[in-house]
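Note sheet for the following structure.
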Amino acid sequence: MTAATPPLVLELRPAESRHYASWGERLETVARHSRPDELHALCEEAYALGARAVLAVVDAPIREALLAFQRWRDVPVWAVVPNMFAFIRDLTDLGMVGAARARFTRLSPAAMVRIGLGAVGRLGAIRRRDFATGTTLVAEMELAALRGLRITRLFLHPQVTEVALAGGVAAAFTALADRAERMNIEVGIVTNNPLRAAAVLGRDLGRFAAVIAPCNAKGYKMFPDRAACEALYRRDPGRFIAAEVTAAGAIAPAPALAHVQALGLAGAVLDPRLVADAFAARAAAS
Numbered sequence: 001m002t003a004a005t006p007p008l009v010l011e012l013r014p015a016e017s018r019h020y021a022s023w024g025e026r027l028e029t030v031a032r033h034s035r036p037d038e039l040h041a042l043c044e045e046a047y048a049l050g051a052r053a054v055l056a057v058v059d060a061p062i063r064e065a066l067l068a069f070q071r072w073r074d075v076p077v078w079a080v081v082p083n084m085f086a087f088i089r090d091l092t093d094l095g096m097v098g099a100a101r102a103r104f105t106r107l108s109p110a111a112m113v114r115i116g117l118g119a120v121g122r123l124g125a126i127r128r129r130d131f132a133t134g135t136t137l138v139a140e141m142e143l144a145a146l147r148g149l150r151i152t153r154l155f156l157h158p159q160v161t162e163v164a165l166a167g168g169v170a171a172a173f174t175a176l177a178d179r180a181e182r183m184n185i186e187v188g189i190v191t192n193n194p195l196r197a198a199a200v201l202g203r204d205l206g207r208f209a210a211v212i213a214p215c216n217a218k219g220y221k222m223f224p225d226r227a228a229c230e231a232l233y234r235r236d237p238g239r240f241i242a243a244e245v246t247a248a249g250a251i252a253p254a255p256a257l258a259h260v261q262a263l264g265l266a267g268a269v270l271d272p273r274l275v276a277d278a279f280a281a282r283a284a285a286s
């Protein structure tokens, strides 16, 4: 946006999984973002604002849009897995086995063999319904289905992250980090509880190239409070990327991003609404 703007990351996820101020806004946004061409246009708008990565929970329209976008722009995808909106829907409709089977059958034959052989070595943990093992397997299947996209970072879905952090299941994160290292890509965390993540992971937090967490001048979603979160961020600002920068629209884009820049954080996440607001502000100023 300006020379003082921190590095920007566009956030994409299925429109159905977002919260909206009104039913009309929900219907309009879901209809628009079900079309890959609209999502591609959003990516281009974010790129014009300075976004140089896309943090994405991928469904079919988002995947198609990102494939088209990456043909034109050298912008990496940071994949968030699994797609919990789709996974919960499949669990409801198909049950646990059916949900896993649905993901497995979407894979290429080579990916089926690779993941199947990997699962054989973890049969004991699978039978015990080990949380970390199950999470990693589902994540691996969804990641394998994203072939064709240039992915440089891997993140666990924040819903899974918060459950794992609440239970102190560090293995859910270290298993994902191990998987990312084997793929020669980086790993990160998306969480509303960065202090809990630091406590659960300890020195292993250093394995995660990026921690995306709320950061704004109002302390919105900063748990337990703004002062505690900012103290953590200042210890290693290059690891943290700000989310919720406008505090649900309470702060205009320019001062919101200036606050992130002042803290020296590694970047800021733009959601589609922030992109629209930033373009509106640019048009008003011109």
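Each residue of the sequence shown is one higher than the one before, counting from 1 in this note's numbering. For glycine and all other residues, C-beta sits at the position ideal for the given N, C-alpha and C.
- Along the region 8-48, the beta strand (DSSP E) occurs as fully enclosed runs of 3 or more residues at 8-12, listed in sequence order.
- Under the three-state reduction of DSSP output, Thr-152 falls in the strand class.
- Your pair Leu-154 and Leu-137 does not check out as a contact, with CB atoms roughly 14 Å apart and the cut at 8 Å.
- Looking only at Ala-60, Ala-53 and Ser-286, the smallest Cα-Cα distance to Pro-76 is reached by Ala-53.
- For the region 48-82, the continuous beta strand (DSSP E) assignments of 3+ residues that do not extend past its boundaries occur at 51-56 and 77-81, in sequence order.
- Separation of the CB atoms of Pro-7 and Pro-36 is rounded to 26 Å, and the pair is thereby denied contact status at 8 Å.
- The continuous stretches of beta strand (DSSP E) do not include Ala-247, and DSSP gives it neither H nor E.
- In the same chain as Ala-15, and ignoring 5 residues on each side of it, the C-beta atoms closer than 6 Å to its own belong to Thr-29, Val-30 and His-33, in chain order.
- Between Thr-174 and Phe-208, the alpha-carbon positions lie close to 9 Å from each other.
- The beta carbon of Val-275 lies closer than 6 Å to those of Glu-45 and Ala-46 in the same chain, with the five residues before and after it left out.
- For Gly-188, the three-state secondary structure derived from DSSP is strand.
- DSSP places Gly-167 in no beta strand (DSSP E) but in the uninterrupted alpha helix (DSSP H) bounded by 158-167.
- With fewer than 16 other Cβ atoms inside 10 Å of its own Cβ, Asn-184 counts as exposed.
- Burial of His-40 is indicated by the presence of at least 16 other C-beta atoms within 10 angstroms of its C-beta.
- It is roughly 21 Å from the alpha-carbon of Val-58 to the alpha-carbon of Gly-267.
- Nearest in C-alpha terms to Val-190, of all of Leu-27, Glu-181 and Cys-215, is Cys-215.
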